[in-house]
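A quick write-up on the structure given underneath.
Residue numbers (the UniProt record's numbering): 1 to 384.
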């Protein structure tokens, strides 16, 4: 017979099995690493895609024309063929098509408007997936109920987005029953409160596999006269916008999206300002858009700017984000680097999120940032 002390020890041991681990003891788990690939009118450079470190590729973009999902570029057919070959060499990889984006979201409100228009959209989307032998759809409507890039929008978009995603889920599931495969449905989400206000996230979450949360572009020099982080993980007290990746995650959780369906976004590019006031090395100081800001890919930053020609790297321990400051030229550049990317990967694991996505492959063909993500998140995926 067990003594009382032995019984208590056994009970304590059983209880400890069900207790959540201390955050300090949480080990990196297998998570999603979703890379967007944008080739435009060009044939995609697939040879430098490190597919072994990816779980999913979202090919950007398919267009939405006359209520139907259609190819956006003449090179799409060849690019999908190359991606299928890449998938054959890397069986863990899944290839999806992203539909819409900032430029091509103008037709979503009309396509989602009625049962008939949604049915037409779904039939075309399913046919697109079949035509190119894809693994699913990533819907990038920017944004329901909001003008975005001067798009048609309606108050009804809120409910219609929910209905559209449910219809797409049903269409992909029906295709799966016919082909014996499982197809993914995801969407890209604006990481700001008004996106949440104009959507029914808890209902939409029931139809999707995960949300690609666009936790970047919190500041864009063209419209923001204050230089500052554009993809910071945590809030900075001097940021009048009070936007951060962590804030967006908490808002989406509160809106009903499960942590296991949230994917944190990482930009592989920077945002820049010039003529910036020199106080605090330019951080959250007035400035104007940097004239060559379109070239601020991470590959260019790492090769030509960081630690060179007066550009000094600084680390903001509050926001958990680096930035570049050139004191003589008064140039401020917000960006991500391996340290901040690893910190974001750690955050994903600590918070039990689904994984990380990034925009986009062509901005870092060296693979440095992807390698940093993979080193922490490890390879493979627990998602189908």
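Heads up, the beta-carbon is just placed ideally off N, CA and C, and yes, glycines get one too.
Legend entry - Rounded distance between the beta-carbons of residue 183 and residue 95, thought under 8 Å: The beta carbons of residue 95 and residue 183 sit about 11 Å from each other, so the pair does not count as a contact at 8 Å.
Inset, instruction - Taking all protein chains shown into account, decide if residue 72 is buried (16 or more other Cβ within 10 angstroms of its Cβ) or exposed. - result: Buried, by the Cβ-count rule.
Inset, instruction - Compare the beta carbon distance of residue 205 and residue 161 with 8 Å and say whether it is the shorter of the two. - result: Not a contact, by the Cβ cut-off of 8 Å.
Inset, instruction - Grab me the residues of residue 269's own chain with a C-beta within less than 6 Å of its C-beta, minus the 5 sequence neighbours each way, in chain order. - result: The residues are 296, 297 and 363.
Legend entry - Element boundaries [alpha helix (DSSP H), containing residue 347]: 338-351 is the span of the alpha helix (DSSP H), which, as asked, contains residue 347.
Inset, instruction - Work out the CA separation of residue 194 and residue 264 for me, nearest whole Å. - result: Distance between the alpha carbons of residue 264 and residue 194 is about 18 Å.
Inset, instruction - State the start and end residues of the unbroken alpha helix (DSSP H) segment that holds residue 371. - result: Taken as a continuous stretch (DSSP letters only), the alpha helix (DSSP H) holding residue 371 covers 368-377.
Inset, instruction - Helix, strand or coil for residue 90, going by three-state DSSP, please let me know. - result: Looking at residue 90 - three-state DSSP - the assignment turns out to be coil, as it is neither helix nor strand.
Legend entry - Validate contact between the segment 352-371 and the segment 299-310 using beta carbons, cut 8 Å, 3 pairs: Touching, yes, given that three or more Cβ pairs across the two stretches are closer than 8 Å.
Inset, instruction - Just tell me which of 306, 373 and 165 has its CA closest to the CA of residue 326. - result: Minimum Cα distance to residue 326 is reached at 306.
Legend entry - CB contact flag (residue 46, residue 93, <8 Å): In terms of Cβ geometry, residue 46 and residue 93 do not form a close pair [threshold 8 Å].
Legend entry - residue 298 in three-state terms, based on DSSP: Residue state for residue 298 is assigned as helix, using DSSP reduced to three classes.
Inset, instruction - Please report the Cβ distance between residue 282 and residue 343, rounded to the nearest whole angstrom; I am assuming they are in contact, meaning their Cβ atoms lie under 8 Å. - result: Not really, about 22 Å apart at Cβ, beyond 8 Å.
Inset, instruction - Report the rounded CA-to-CA distance for residue 271 versus residue 124, giving the unit in angstroms. - result: Distance between residue 271 and residue 124, taken at the CA atoms: about 37 Å.
Inset, instruction - Could you check the C-alpha separation between residue 99 and residue 140 for me, to the nearest Å? - result: Whole-angstrom Cα-Cα distance: 6 Å.
Inset, instruction - Helix, strand or coil for residue 361, going by three-state DSSP, please let me know. - result: Collapsing the DSSP output to three states places residue 361 in a helix.
Legend entry - Close Cβ partners of residue 222 (< 7 Å) along its chain, the five nearest in sequence each way excluded: Sequence-distant partners of residue 222 (beyond 5 residues in either direction) whose C-beta falls short of 7 Å from its own C-beta, in its chain, are 289.
Inset, instruction - Please name the residue, chosen from 253, 177, 219 and 52, that lies closest to residue 126 on a Cα-to-Cα basis. - result: The candidate whose alpha carbon is nearest that of residue 126 is 177.
Legend entry - Backbone secondary structure at residue 233 - three-state DSSP: The answer is coil: DSSP assigns residue 233 none of H, G, I, E or B.
Legend entry - Any 3 or more C-beta pairs closer than 8 Å across the segment 209-222 and the segment 244-259: Segments in contact, yes.
Inset, instruction - Would you decide whether residue 106 is buried or exposed? Buried here means 16 or more other CB atoms lie within 10 Å of its CB. - result: Buried: at least 16 other Cβ atoms inside 10 Å.
Legend entry - Neighbourhood of residue 351 by C-beta, 7 Å cutoff - its chain only, sequence neighbours within 5 removed: Excluding sequence neighbours, residue 351 sits near 249 and 259.
Legend entry - Sequence-distant residues of its chain with Cβ nearer than 6 Å to residue 51 (five each side left out): Hits under 6 Å: 86, 90 and 93.
Inset, instruction - Give the range of the beta strand (DSSP E) segment to which residue 57 is assigned. - result: Where residue 57 is concerned, the enclosing beta strand (DSSP E) stretches over 56-65.
Inset, instruction - Verify the contact flag: residue 69, CB atom, against every heavy atom of the ligand GDP, threshold strictly below 7 Å. - result: For the structure depicted, the ligand GDP is absent and the ligand set is empty, with no information on it obtainable.
Inset, instruction - Please name the residue, chosen from 191, 211, 66 and 236, that lies closest to residue 119 on a Cα-to-Cα basis. - result: The candidate whose alpha carbon is nearest that of residue 119 is 66.
Inset, instruction - Please list the segments of the beta strand (DSSP E) lying wholly inside the segment 125-187, counting only runs of 3 or more residues, in order along the chain. - result: If we require 3 residues or more, the beta strand (DSSP E) runs fully inside the segment 125-187 come out as 136-140.
Legend entry - DSSP three-state assignment for residue 332, whether helix, strand or coil: If DSSP states are grouped into helix, strand and coil, residue 332 belongs with the strands.
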